[in-house]
Structure formats: structure tokens, C-alpha cells
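Data block below; observations after.
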Amino acid sequence: MTTDYAHLIMQNHIDCPTLACPVKRQAKLCLVEAGLLTPDSHRTREMGH
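Right under this line is the structure:
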């Protein structure tokens, strides 16, 4: 997945909880691995975002 496509997915799936949406989860992982997204260390995985 390209980072441009990952950005598009994140925008289109903005209301999806990350844990419930495998497409958004993959896009987020792509952006994190590319260094373009830093997960909020104050949020927990249970929040789903």
C-alpha cells in the first residue's frame, strides 16, 4: 500500500474504529511504518482509534 493510498483510506474511514476496521488498521500501520503518523501514547488500544 502506498502512503498516498493510506492517507485516502484514513480519510474515507474516519468514523471507523481502528480495531473494528481492518482496512483502516492496515492504512494506519502503513503510515506509522513510513514515519508519517505517530500514535498518541495517551490513548489506549481499547479506544479503537
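Reminder that position 44 of the sequence shown reads as 44 in UniProt numbering, one-by-one numbering, no gaps. A virtual CB, placed ideally from N, CA and C, is assigned to each residue, including glycine.
Cβ neighbours of residue i in the same chain (closer than 7 Å, five flanking residues each side left out)
i	result
Leu36	Thr3
Cys16	Lys24
Rounded Cβ spacing between residue i and residue j (contact assumed at less than 8 Å)
i	j	result
Lys28	Thr18	6 Å
Host alpha helix (DSSP H) of residue i (start-end)
i	result
Asp15	Element bounds for Asp15: n/a, residue is neither H nor E.
Ala27	Pro22 to Glu33
Residue i CB to nearest heavy atom of the ligand ADP below 7 Å
i	result
Leu8	This structure lacks the ligand ADP, and indeed carries no ligand of any kind.
Proximity of residue i and residue j at Cβ, strictly below 8 Å
i	j	result
Cys30	Ala6	yes
Met1	Gln26	yes
Neighbourhood of residue i by C-beta, 8 Å cutoff - its chain only, sequence neighbours within 5 removed
i	result
Met41	The amino acid occupying residue 41 in the given sequence is Ser; Met does not appear at that position. Nothing meets the Cβ criterion.
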